[in-house]
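First up is the structure itself, then whatever we jot down about it.
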Amino acid sequence: MTDSSSSEETLANLLKEERRFEPPADLAANANVTADAYARAAQDRPAFWAEQAERLTWAERWDTVLDDSNAPFFKWFTGGKLNASYNCVDRHVEAGRGDKVAIHWVGEPVGDTRDITYAQLKDEVCQAANALTALGVNAGDRVAIYMPMIPEAIVAMLACARIGAPHTVVFGGFSADALASRIDDCQAKLVITSDGGYRRGAPAALKPAVDEARTKTDLVEKVLVVRRTGQDVAWDDAVDVWWDDVVGGASTEHAPEAFDAEHPLYVMYTSGSTGKPKGILHTTGGYLTGASYTHHAVFDLKPETDVYWCTADIGWVTGHSYIVYGPLANGVTQVVYEGTPDAPERGRWWQIIEQYGVTIFYTAPTAIRSFMKQGREIPDRSDMSSIRILGSVGEPINPEAYIWYRTVIGGDRAPVVDTWWQTETGAIMISPLPGVTAGKPGSAMTAIPGIAADVVDDKGRSVPNGSGGYLVVTEPWPSMLRTLWGDDDRYVETYWKTYGDLGYYFAGDGAKKDIDGDIWVLGRVDDVMNVSGHRLSTTEIESALVSHPKVAEAAVVGAKDEDTGQAVCAFVILRESAGDGGSEIVQELRAHVRKEIGPIATPRQIMIVAELPKTRSGKIMRRLLRDVAEHREVGDVTTLADSSVMSLISDGLNKGA
Ligand code: 6R9
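In this text, residue positions in the sequence shown follow the UniProt record's numbering: the first is 1, and each later residue adds one.
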């Protein structure tokens, strides 16, 4: 936290956003969760979560719902035993739903599809579990998964869960270095990968990065390789094993062992703003309860009729909770797509929605803004009338992007649920409920039933409505992280030191409560700017820029300034319909921000760029843009989804200057 945090100078309600969207009447009348849930949950939180845990099938019931005797090392459902993979697969088959499609898998090459029923998924998971055991993986061993979005990636995760081997999924876009450092940190003995996957219309190799990672760490005993693209791969007979050879021939019988509710399920690495990535540890019972309940409540999931699609990669926590564990525990039919939204053409996502009759669609603001940039003619070519609920995750959604999403993709009918959560929280924490909440564009609204969140000042005092501060979670919740892998001290230091005396979890995000008490997340605390003593949020200025008709996307950073301490620097991507924006574009945008927010927020500098640097989950890496704005050499780019973007930006600026 910076010293300015004590100031009450967070600009008052800057977003003059007054639009409200009531839930559709039929949705409200048939909603899975109704308004009374909030009060009921608040009255006795552990009892509420125990009720939600009944959604799962337990081999042994728990003795204690919440054990807080060693806070902040909380435990949930202690004494309980269950198997996560059994809950995601077997129990649906046993209940007579084996023929139901679990996954409509869509490969990037057109026509390359697979429909996988729950019975087939169960067989494959059992085979993979048997193969892993044969390769020497035991309960408690860690397995790294470095794969494209193919069915085997999901099978691999569930097979690990089935035998109690925590997985760590590393995003397929990350480098060999990033993979090696994660293997080292959690000491994975086996890596599951593929020869490659399809990206932007062409096969992209993966196996070479695993080979390279193995030159940097000697922990890996075996590499299990799925054949996806048929590319040539280098082969080491002592280590490499084809998936088809060991999984394909394995038995489809496998008895799932029941593990302790607190048995580690997975480690997911998330980049800290500085220092080495943090290995977020999630365990079994509480995590699965949180993922399953939130998926049911926030998306109003009707498993018999809904077709669900979350566009995340499994290398991001969203893929873990809202492709694999939540949806499959809930027995959903879902679409999983391998490739990029623009392959072979820009309308691909919308064609998939039309083809499969997708009813619930969950994506990130970064994707929505890139479609806004291209114009609505493209989605307008597809019939998306099946959609009834839209979700957003990863960043604050700018009000203009929300309206566009609701109008163009949701036919002005489907509510948007803006879901705030983190790798650390495991599941959605703050979000509208689609059958209850009157949504406000740009606000994640309130904590869902069972969750207690607040916005506080630097002393931990709840701020009055209409003011800003820090987002905290004030009570433990089942899907919370348990620690950082191998680093309990850093866990306490990062999340519990700031408001430790109060027992509040510090999320690291700035937020504001509006006059109704609804929460607006303003971005990472590290990104807040201080201009002449005023604290300015990146999100608010970015949203003001995006509300200009020529702007598709904007990123704002604070750069050192002799007069004002920091000055606002903006990087802007124009909509395609705006051409080059015209010679006056920079003046026009500065005037627009001044009018929308006020003189203090006027950017000192606006740079028109073609791309912005983003992580795997579409978050803008402002740290790198700060380097550009302050004319420094650009820092560590290993967690960029596309590492060429930074040179594109610098080259563009040099040319333009
Ligand atoms: C799920 C996920 C967590 C950070 C979080 C916040 C930002 C996510 C958001 C949002 C505003 C939302 N964030 N959802 N900000 N509104 N609906 O994204 O996890 O990758 O760990 O990132 O993302 O800053 O603290 P993760």
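Idealized CB from N, CA, C, for every residue including glycine.
Please tell me whether residue i and residue j are closer than 9 Å, where the distance is taken between their beta carbons.
| i | j | result |
| --- | --- | --- |
| A570 | L545 | yes |
| V298 | T333 | no |
| I116 | P151 | yes |
| Y505 | P72 | yes |
| I353 | M384 | yes |
| H254 | A447 | no |
| W316 | S617 | yes |
| I389 | V408 | no |
| residue 704 | V637 | Nothing about residue 704 can be reported from this structure: the residues present for the chain run from 1 to 657 only. |
| residue 665 | Y266 | One cannot answer for residue 665 here, as it falls past the ends of the chain, which runs 1 to 657. |
| V223 | T193 | yes |
| A213 | L82 | no |
| P176 | P208 | Going by the sequence as given, residue 176 is Ala instead of Pro. In this structure, P208 lies closer than 9 Å to A176 by Cβ. |
| S386 | T359 | yes |
| L522 | P396 | yes |
| V324 | C88 | yes |
| A450 | A41 | Checking the displayed sequence, the identity of residue 450 turns out to be Gly instead of Ala. Yes; because the gap between Cβ atoms is below 9 Å, this pair is in contact. |
| R622 | D509 | no |
So is residue i buried or exposed if we call it buried at 16+ other beta carbons inside 10 Å?
| i | result |
| --- | --- |
| D195 | buried |
| S647 | exposed |
| E377 | exposed |
| R348 | buried |
| S6 | Unreliable positioning characterises S6 in this predicted model, as indicated by a pLDDT of 33, which lies under 50. The coordinate reading is nonetheless provided below. It counts as exposed. |
| A29 | exposed |
| P549 | exposed |
| P327 | buried |
| P613 | buried |
| A657 | Residue confidence is low: A657 scores 37 on pLDDT, short of 50, so the model does not pin down where it sits. No coordinate-derived value is stated. |
| P365 | buried |
| R381 | exposed |
| H631 | exposed |
| K513 | buried |
| A12 | Its pLDDT being 43, under 50, A12 is placed unreliably by the model, and nothing is read from it. |
| D580 | exposed |
| V247 | buried |
| V572 | buried |
| V143 | buried |
| residue 702 | Any property of residue 702 remains undetermined from this structure, which presents the chain solely from 1 to 657. |
| K560 | exposed |
| I515 | exposed |
| S547 | buried |
| T10 | Confidence at T10 is low in this model, with a pLDDT of 41, below 50, so the placement of that residue should be treated as unreliable; the coordinate-derived value is given next. Buried is the call here. |
| K216 | exposed |
| K276 | exposed |
| K278 | buried |
Report the CB separation of residue i from residue j in whole angstroms; it is logged as a contact under 8 Å.
| i | j | result |
| --- | --- | --- |
| I145 | A139 | Incorrect: roughly 17 Å between the Cβ atoms, too far for contact. |
| G442 | P399 | 4 Å |
| R482 | L281 | 5 Å |
| T34 | G435 | 7 Å |
| L502 | G460 | 5 Å |
| L405 | P256 | For the sequence presented, residue 405 should be read as Tyr rather than Leu. At roughly 40 Å, the Cβ-Cβ gap does not stay under 8 Å, so Y405 and P256 are not in contact. |
| A159 | V125 | 5 Å |
| H99 | A119 | Note that residue 99 corresponds to Asp in the displayed sequence, not to His. At roughly 7 Å, the Cβ-Cβ gap stays under 8 Å, so D99 and A119 are in contact. |
| E338 | E108 | 5 Å |
| W76 | A291 | That pair is no contact at about 13 Å. |
| V568 | I585 | Going by Cβ atoms, the distance from V568 to I585 rounds to 17 Å, so no, they are not a contact pair. |
| V226 | W243 | 4 Å |
Since residue i sits in a beta bridge, which residues does DSSP pair it with?
| i | result |
| --- | --- |
| K595 | DSSP, once it has assigned bridges, lists no residue as partnering K595. |
| S462 | V456 |
| Q605 | C569 |
| Y266 | H167 and H282 |
| Q334 | I103 and Y308 |
| G558 | V568 |
| M445 | I519 |
| W242 | V225 |
| K81 | E60 and D260 |
| L471 | V455 |
| W76 | L66 |
| H534 | V531 |
| S392 | T363 and D418 |
| P203 | Y198 |
| T117 | V101 |
Regarding residue i and the ligand SAH, is the C-beta to nearest heavy atom distance less than 8 Å?
| i | result |
| --- | --- |
| D99 | As presented, the structure is devoid of the ligand SAH, carrying the ligand 6R9 as its sole ligands. |
Nearest-residue set for the ligand 6R9, Cβ under 7 Å from any heavy atom: T270, W316, V317, T318, S392, V393, G394, E395, P396, I397, D418, T419, W420, W421, Q422, T423, E424, A444, A507, G508, D509, V521, G523, R524, S617 and K619
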